[in-house]
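To start, the structure itself, in structure tokens.
4 protein chains.
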Amino acid sequence: MAKSRYEYVKNFERESILLPETYIVIRVDGRGFHKFSSKYDFEKPNDLCALEVMNSAALKLMETIPNIIMAYGDSDEYSFLLQKRCDLFERREFKLISTFASTITAYYQYYWNQSFPAKPLQPDRLPTFDARTVCYPTKELVKDYFRWRQVDCHINNLYNTTFWSLVKSGLTTQEAENRLIGTLSSDKHEILFKEFGINYNNEPEIYKKGTILVRELDFESDVNTDLSKRQAQRLEKKLKKSEIKKLHCDIIKDEFWDCRPWLFS
Amino acid sequence: MAKSRYEYVKNFERESILLPETYIVIRVDGRGFHKFSSKYDFEKPNDLCALEVMNSAALKLMETIPNIIMAYGDSDEYSFLLQKRCDLFERREFKLISTFASTITAYYQYYWNQSFPAKPLQPDRLPTFDARTVCYPTKELVKDYFRWRQVDCHINNLYNTTFWSLVKSGLTTQEAENRLIGTLSSDKHEILFKEFGINYNNEPEIYKKGTILVRELDFESDVNTDLSKRQAQRLEKKLKKSEIKKLHCDIIKDEFWDCRPWLFS
Amino acid sequence: MAKSRYEYVKNFERESILLPETYIVIRVDGRGFHKFSSKYDFEKPNDLCALEVMNSAALKLMETIPNIIMAYGDSDEYSFLLQKRCDLFERREFKLISTFASTITAYYQYYWNQSFPAKPLQPDRLPTFDARTVCYPTKELVKDYFRWRQVDCHINNLYNTTFWSLVKSGLTTQEAENRLIGTLSSDKHEILFKEFGINYNNEPEIYKKGTILVRELDFESDVNTDLSKRQAQRLEKKLKKSEIKKLHCDIIKDEFWDCRPWLFS
Amino acid sequence: MAKSRYEYVKNFERESILLPETYIVIRVDGRGFHKFSSKYDFEKPNDLCALEVMNSAALKLMETIPNIIMAYGDSDEYSFLLQKRCDLFERREFKLISTFASTITAYYQYYWNQSFPAKPLQPDRLPTFDARTVCYPTKELVKDYFRWRQVDCHINNLYNTTFWSLVKSGLTTQEAENRLIGTLSSDKHEILFKEFGINYNNEPEIYKKGTILVRELDFESDVNTDLSKRQAQRLEKKLKKSEIKKLHCDIIKDEFWDCRPWLFS
């Protein structure tokens, strides 16, 4: 169609293209979910039903974008891993950021409406999300990224479990906070066990470990890092059709990664 | 809380801070809205009800973020203007992009559900949006930016009005497309008038001009560009409490801008 | 010529284009000039001859690049102002940075060799320079940028003049430093006057104010901000042929700027 | 020292930090060396003495910056490889670009003056250089980068050797250019051999292959990719003290790289 004399303003647009052949991680994070969880009366420390809305939204996003090879989430955040060779949106940063922020928002609201017919969303407190991209040049860094998130999940969940036990037992939130200042992990385990009879290790894995979504292949001896181009394409296809599994396992130890060489192939 | 040995992976995050004292425009744009409008049977060339969902979403976003001084939208896109001194999210680009993409998505879905109870959204075709930021150093550039969008609206609407008139009269979409190849604006006016009795100039302003949302003040002689600091703060406050008006007027001529010096103060 | 299969590695190159219609300032800064000035026995606090090498290098650079409308320097640094509409190297940042760093280095060494035949440069301590670009959207910001540099020149020169007076009178450098800790500007004036009979205000302007290089026009009533395109081109041409003047005047007050409207036209 | 009210202008500075754990290549490139080589009567197609000025400048730069593990150059360009973990200037791009551009300029002029006392540099045509940085996430990409430059050297040198043979035999430069349009590598070999009795394969290696500067270690069986932290530090130290060798060998085949595992350790 015809162009106008004002079109020159497009020259002010700037584009950032993420470095090729690096692993892209995109992390989405709920905005103001502290208030959101109050407003819609989340169960504390964890609201399983709300967690599953988040998991459904992330799973759906992953199904929509086959370049996502795995994802990890807990609470109101999720991290998505794109393959090293991924050329989604030609690696344009603003497209990746806005698509992930928008899509997770759309699915979250959709599944919320499905899951919580009794808690209709109010326009003044709709669920929204930030998104950011990070590039990692090696697979070791990618593993450490996900380890970082899982350790964070663990630290937060242990704290929250203890905090809410104290609050439910009668402390004000301020008193509970004060009680926990300076406590070590072991102290929190002890409070839980001695005062509330809770063995933290028996808490549900989904709370302690978060949720892993991963495209699964049967482990095959021929999955190695030196694939021919044709083998690579075949693997690619297989991955896109593969089942996405939902796990709540450890991703800090090597085992999870060693069993899934295709994540980095 | 405790930090983990994996936290070093944060060093790979990169931040882009938009240049201070420039006007930031953030444009959101529907992703795949061609298919979206087919799926949910939009009226052609314009679906007033769907347009108003978009307008409501943009208005609500503008109410939520007082730094937005005006916005312009047509079809499935909207451009928001932040004030020159605006320090929203410390001007961090990823925050601005993801917040606008996410928030417009949240409101659009919300108002859709309110407006179209008979057309429930399907998970495989939810409305989602891109967002991008652009910085403009001068007010003349900002005006030209919005002129560009309104000219674009006009060009697209004239085309679509003619195209759909042809299709409704019996042509296939391919035939209508071929018929319009190489036609000038005047040719399309003539087709509309001679073949369909449509005087394009009488078409609704909302379709021809798009929608302007603008924080309105009474024009006061004392709104000038050399405000004292205290005057500037008072103006700021006034603007945040001011009514947002919805217009469908010309923003190409100077008049719109000359009457609203506060847009650039 | 033929391309090779390895050329794909060019895809990893990233380019940053500086925002159009902003004023670009490029500041070059001597690397390790403290040691450089020791090695080549600069006079303290100021070595006029070395200063003039710097000024000659900057002047030559300015003659070579007509887009530079003014420059300001003191000690081992210089700031160059490009015109708002300047399209030098299509505003590619790496080109601007490397060209300015390289060219000032080349000229400095050249003029050094001319000026100091008795002090031949040694390969282990050649003069080298950093360069960085900054964009300013308004002329007020540009003025404040240069004011910042001149204030800095003043602060440093007052300190150095006092410091070296103390050292020359017998204090060690450590003792002189200690003596000056916590002193105000007025204290330094007093030390200079009472102990050394130096009236700082009578010090040479080149040391107190630094050096301004500026393309000069006769002030003409018709230089205004609303030039027609043809007038603008004529002004452009005139500027490129205009004489570059070397001044040591105040650029903090408005007068310098008010007399030279062409700097921002 | 005291800060001034104008210091806020520093907020407009932008910094780009290159992605950690990627290999940084910095390529410097002579600016306008076509004219430079005419002005100073370079021998054609190659001026050995001028080449050695470039090589000396690059070698000196490499001695000055121990983080450079190897370099490759031909004609008026040189590429420097920094180690993956290199934290030179905290990986700030403007510092890397300006330091390399400035330093190569300083050394080139210095060695020129040493090598060509009979050809004093004129201020209107001093040698200056561009510099740019590129990040490569894997060692395979780094190898391909250097292969790209060596193939380029070969293509250019074969062309120039043939071109200047034709010119020296009496053709104008335009005629020589026309003669070579569309010729393949094999055609140029044949022209050289049949018309000028030149066996291109016997041309000096420095012209055909360019120059490699590389920090050399004795090959030790224990140089592997899984070094303990202490081993890594010891290797680091060794490298910094190691001799820099100057080679004109093939870097396209794997052999060069396979023999030097420390380049990527």
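Residue numbers (numbering that gives the first Met the number 0), protein chains in the order written: chain H, 0 to 264; chain X, 0 to 264; chain Z, 0 to 264; chain D, 0 to 264. Cβ atoms here follow ideal geometry from the backbone N, Cα and C, with glycine treated the same way. All values derive from a computational prediction rather than experimental measurement.
Residue-chain proximity (residue i, chain Z), Cβ-Cβ < 8 Å
i	result
CYS134 of chain X	yes
PHE263 of chain H	no
THR182 of chain X	no
ALA117 of chain D	no
THR172 of chain X	no
THR137 of chain X	yes
ASP217 of chain D	no
LEU120 of chain D	yes
CB contact below 8 Å: residue i versus chain X
i	result
TYR206 of chain H	no
THR127 of chain Z	no
VAL213 of chain H	no
GLU80 of chain H	The identity of residue 80 of chain H in the sequence shown is Leu, whereas the question assumes Glu. No, because no Cβ of chain X sits closer than 8 Å to the Cβ of LEU80 of chain H.
Cβ of residue i within 8 Å of any chain D Cβ
i	result
ILE16 of chain Z	no
LEU140 of chain H	yes
ASP221 of chain Z	At ASP221 of chain Z the pLDDT is 49, less than 50, meaning the model places this residue with poor confidence; the figure from the coordinates comes in the next sentence. Closer than 8 Å: no.
Min CB distance residue i to chain H below 8 Å
i	result
PHE11 of chain Z	yes
SER3 of chain X	yes
VAL52 of chain X	no
ASP186 of chain X	no
ARG84 of chain X	no
ALA175 of chain X	no
Burial state of residue i (16 or more Cβ within 10 Å)
i	result
SER220 of chain X	Here SER220 of chain X scores only 45 on pLDDT, less than 50, and its place in the model should not be relied on; the value that follows carries that caveat. SER220 of chain X is exposed by the Cβ-count criterion.
LYS228 of chain X	exposed
GLY169 of chain Z	exposed
GLU42 of chain D	exposed
GLN149 of chain Z	buried
GLU14 of chain X	exposed
LEU140 of chain X	buried
ILE180 of chain X	exposed
ARG233 of chain D	exposed
THR127 of chain X	buried
LEU183 of chain Z	exposed
ASP151 of chain Z	buried
From the options, residue whose alpha carbon lies closest to that of residue i
i	options	result
LYS193 of chain H	H:THR161, H:GLN230, H:PRO203 and H:GLY181	H:THR161
LEU125 of chain X	H:THR63, H:ASP217 and H:ASP129	H:THR63
SER241 of chain H	H:GLU215, H:CYS152, H:ARG233 and H:THR182	H:GLU215
PRO65 of chain D	D:LYS239, D:LYS2 and D:GLU254	D:LYS239
TYR206 of chain H	H:ARG233, H:ASP217, H:ASP249 and H:LYS167	H:ASP249
PHE263 of chain X	X:ARG13, X:GLU20, X:ASP73 and X:PRO116	X:GLU20
SER3 of chain Z	D:LEU234, D:ASN155, D:LYS236 and D:ASN177	D:ASN155
GLU176 of chain D	D:TRP163, D:LYS142, D:PHE128 and D:HIS153	D:TRP163
ASP40 of chain Z	Z:ALA57, Z:SER185, Z:ALA117 and Z:PHE93	Z:ALA117
ASP75 of chain D	D:ASP129, D:ARG90 and D:LEU183	D:ASP129
THR132 of chain X	X:LEU120, X:GLU202, X:PHE93 and X:LYS138	X:PHE93
PRO119 of chain H	X:LEU120, X:GLU12, X:GLN113 and X:GLN121	X:GLN113
PHE186 of chain X	X:PRO203, X:LYS167, X:LEU157 and X:THR172	First, the amino acid is wrong: residue 186 of chain X is Asp here, not Phe. Nearest of X:PRO203, X:LYS167, X:LEU157 and X:THR172 to ASP186 of chain X, Cα basis: X:LEU157.
LEU18 of chain Z	X:CYS134, X:ALA231 and X:ILE190	X:CYS134
GLU204 of chain H	H:LEU191, H:ASP73 and H:CYS85	H:ASP73
Q: Decide if the region 77-90 of chain Z is in contact with the region 18-26 of chain Z; the criterion is three or more beta carbon pairs, one per stretch, under 8 Å apart.
A: yes
Q: Please list the residues of the region 18-40 of chain Z that have a C-beta atom closer than 9 Å to any C-beta atom in chain H, keeping them in chain order.
A: LEU18, PRO19 and GLU20
Q | Validate contact between the region 240-254 of chain X and the region 203-213 of chain X using beta carbons, cut 8 Å, 3 pairs | A | yes
Q | Stretch-stretch touch, CB-based, cutoff 8 Å, three pairs: the region 53-64 of chain H with the region 39-56 of chain Z | A | no
Q: Spell out a yes or no on whether the region 94-106 of chain D and the region 250-259 of chain Z are touching, meaning 3 or more CB-CB pairs, one atom from each, closer than 8 Å.
A: no
Q.
Across the region 5-18 of chain D and the region 26-35 of chain D, are there enough close Cβ pairs to call them in contact, namely three or more that are closer than 8 Å?
A. no
**Q.** Residues of the region 150-166 of chain X with Cβ closer than 7 Å to any Cβ of chain Z, in chain order
**A.** none
Q) Do the region 90-105 of chain D and the region 95-104 of chain Z meet, that is, are 3 or more Cβ pairs less than 8 Å apart? A) yes
Q: Give the residues from the region 87-118 of chain Z that approach chain D closer than 9 Å (Cβ to any Cβ), ordered along the chain.
A: GLU92, PHE93, LYS94, ILE96, SER97, THR98, PHE99, ALA100, SER101, THR102, ILE103, THR104, ALA105, TYR106, TYR107, GLN108, TYR109, TYR110, ASN112 and GLN113
Q) Taking any Cβ of chain Z, which residues in the region 229-258 of chain D have a Cβ under 9 Å from it, in chain order? A) ILE251
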